[in-house]
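Have a look at the structure below before the remarks.
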Amino acid sequence: MIEKYGPLRGEKLQILDENGQARPELEPKLDAPDLKRLYSLMVTTRAADLKALKLQRQGRIGTFAPSLGHEACQVGSAFALEKKDWVFPYFRDLGTYLTLGLPLKSYYLYWMGNEASMHIPPDLNIFTISVPVGSQLPQAVGCALAAKIKKEAAAVLAYFGDGATSEGDFSEALNFAGVFRTPNVFVCYNNQYAISTPVSKQTAARTIAQKAIAYGFAGIVVDGNDVLAMYAATKEALEKARSSGEPTLIEAFTYRMGNHTTSDDAARYRTEDEVNAWAKKDPIERYKLYLKGKGLWDEAFENQTQKEAEDLINDAVEKAESTPPPSLDDLFSYTYKNMTPDLTEELNDLKAFLKEAGK
Amino acid sequence: MMLNMVGALNQALALEMERDEKVIVLGEDIGVDGGVFRVTEGLLKRFGGQRVFDTPLAESAIVGASIGLAIAGLRPVAEIQFMGFIYPALNQIISHAARLRNRSRGRYFVPLVIRTPYGAGVKALEHHSESTEALFCQIPGLKVVAPSTPYDAKGLLISSIRDDDPVIFLEPTKIYRAGRQEVPEELYEIPLGQAKVVREGEKLTIVAWGAMVAVAQKAAEMVEKDGVFPEVIDLRTLSPLDRQTILESVKKTGRLLIVHEAPKTCGLGAEIAAFVAEKAILQLEAPILRVTAYDITVPLAKSEDFYYPSPERVARGIKKIMES
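Those sequence lines, one after another, are chains A and B.
For reference, each letter of the first sequence is one residue, going 19 to 377 in the numbering used here.
For reference, each letter of the second sequence is one residue, going 23 to 346 in the numbering used here.
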């Protein structure tokens, strides 16, 4: 399927249109519980995201990067992953984490500024959040190369934004992937803006996906607000990566409905009309219509989903807010495997100072 | 077995690759070509293309991919062709390799060795004579190693490969083939973080590393006729610094001279001088002195001899400190 949608011809994979009408020949083979699960995950992502914005306004968490509008590209792509696969997220990946089972508490703790947040549970192959834009991409290629060397049939999925495609690390990583034929899937959330800079100022190329061709592998543009298309494209790319070690670049064409972060004011650089036009392409609304058409959505299901999301969120907030900051020993003890004499001396000095100050 | 530093490093890599199949080697021209200095010669043939591979010409991705390889359980040894070309990889080194253990609270760590030739003295083109080790010594989470002999080079590289933290392994270009030394054929480790007193002496401690150790030793010999017998310390590991060995020596001799081929300002010598001042200034008989390269861009081949410390310039420093 991926090969059929030539990015140079400007083609885009869409399975669900904006009215929730599906193209039956492209519908992925998902059973009713999975189809409903995709909905719950997107709804929970949106609710958890809005909750984080509220917490930020109340001063209960710090600067936060909202995921509003990205629910389908995050949930749909992550839903295609298998347990043995690896994920290299970027900083706007709430739906990805929820889909993969990272406790929501961890995500809130991250934005609260607590190191404990990034202690990823050992049974999840999720890498830590990368803040320097695009820098996770060469690492994802190295991780995939390791799977190839160890002859493990696992794929490595890396997320990044449209701005990252201007970074040298994007070029270096995709070139490595092409040369070494690594089992990578690169998912670019093209949400049209890198903070204030529109994608037209990041690249003169017609699509981001077409850049894959220059590195010697396939790329595809996918409607990033269509959860089924995101799932189907990612699943095919992951299977190809696992079976033949071929990389793929997926451009999820979407829109950042919120600000870049809570420190940003998007009204400075984009029009209300533009935002309103994208609001009509909402990923959750369209999928709800699809489920309804299939007889899988009703008010009771909606209420139950909302209630479960609310319970999960309240529990996560409570757990995050009751998590203490790391101890002083903890702050020093992960710099090296073993504490160096210098660090021991510095830590003891800090403790002595605090004791003297009566703290 | 008599080996120069290139041979000793090559043997260390081969022995570690033989011992541990997780050890892999990557970089530019390190396969068929055996590296531009031939440190990886023969490894491709012996261990195959899955464990020894040439990469595209992209330093950031060499280090970035090595981080990915390392967190997935392998032990990569990456070569950056010259220290002057490591800068595109600084983001990967500083923002990730050095911090991943801390960021992930120990879930991920980066057992990565980045080998790179450093320092002047071989009349090379611009960017091939850098000695910017202090950049790396300031970064929490990194270890920095610089051997001065074939024997130490082998033992330190083996320890670096076995270390679970990222190590910047600096190979002094000038002395790659400067001389041969008896190097045992078997595996042995020289622990990281331990300096070595390479010349016992009195009334003055000289601290040096890499190619400057031999320069310091030569200068020490030159001043013997004046009745001065300096002690010389080879740091071997630049971070973490073996402060204890330096301090013990300085407390004994009462004087300190630091020699490095990096520019003077904010060089590692500044840190050594500062901590000795903090810990033992009252036991010093004379002001601390640094004999270093100058705060200018490394001159090109025709003029480089003026730049880095020579035995004569170090001997002048010794005289100055003994007369003050």
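The C-beta atom is built at its ideal place from N, Cα and C for all residues, glycine as well.
Just so it is clear, the structure is predicted and the values come from calculations on it, not from any experiment.
Exercise. Counting contacts by CB-CB distance shorter than 9 Å, is B:A80 in contact with chain A?
Worked result: yes
For this session: For A:L365, collect the residues of the same chain with a Cβ closer than 6 Å to its Cβ; drop the 5 residues on either side in sequence, then sort them by chain order.
Result: F350
Exercise. Taking 9 Å as the CB-CB cut-off, is B:L122 touching chain A?
Worked result: yes
Exercise. Chain B partners of A:C161, CB-CB under 8 Å?
Worked result: G90, L91, I93, A94
Exercise. Does DSSP classify B:I89 as helix, strand or coil?
Worked result: helix
Exercise. Cβ of A:L155 less than 9 Å from any chain B Cβ?
Worked result: yes
For this session: Assess, as a yes-or-no matter, whether the region 54-64 of chain A is touched by the region 168-184 of chain A under the definition of 3 or more beta carbon pairs within less than 8 Å.
Result: no
For this session: Would you kindly work out how many angstroms separate the C-alpha atoms of A:G113 and A:T63, rounded to a whole number?
Result: 5 Å
For this session: Classify A:W296 as helix, strand or coil using the three-state DSSP reduction.
Result: helix
Exercise. Does the beta-carbon of A:V149 have 16 or more other beta-carbons within 10 angstroms, so that it is buried, or is it exposed?
Worked result: exposed
For this session: Return the residues of the region 238-267 of chain A that lie within a Cβ-Cβ distance of less than 9 Å from chain B, sorted by chain order.
Result: none
For this session: Tell me, please, whether the CB atom of A:A230 is closer than 9 Å to any CB atom in chain B?
Result: no
Exercise. Mind checking A:F235: buried by the 16 CB within 10 Å criterion, or exposed?
Worked result: buried
For this session: For my contact list, A:G160 and B:A87 are in at a C-beta cut-off of 8 Å; report their separation, rounded to the angstrom.
Result: 3 Å
Problem set entry | Any C-beta of chain B under 9 Å from that of A:Y126 | no
Exercise. List, in order along the chain, the chain B residues whose C-beta lies closer than 7 Å to that of A:V197?
Worked result: P78
Exercise. Excluding five sequence neighbours on each side, which residues of the same chain lie with their C-beta closer than 6 Å to the C-beta of A:Y233?
Worked result: L192, N193, G196
Exercise. From what residue to what residue does the alpha helix (DSSP H) around B:F297 run?
Worked result: 290-302
For this session: Determine whether the Cβ of A:V205 lies closer than 9 Å to any Cβ atom of chain B.
Result: no
Problem set entry | Alpha carbon of A:S214 to alpha carbon of A:D180, nearest angstrom | 12 Å
For this session: Using only alpha-carbon positions, find the residue among A:A259, A:L99, A:S184, A:L163 that is nearest to A:I144.
Result: A:L99
Exercise. Smallest Cα separation from B:P139: which of B:E152, B:A299, B:R127, B:Y130?
Worked result: B:E152
For this session: Locate the beta strand (DSSP E) running through A:E326, then write down its first and last residues.
Result: A:E326 -> not in any beta strand (DSSP E); alpha helix (DSSP H) instead, spanning 317-339.
Exercise. Chain B beta carbons: is any one of them nearer than 9 Å to that of A:N366?
Worked result: no
Exercise. Just to confirm, are A:Y305 and A:P46 a CB contact at a threshold of 9 Å?
Worked result: no
For this session: Flag B:R60 as yes if its beta-carbon sits less than 9 Å from any beta-carbon of chain A, otherwise no.
Result: no
Exercise. Name the chain A residues whose beta carbon is nearer than 9 Å to that of B:P162?
Worked result: T353, Y354, L361
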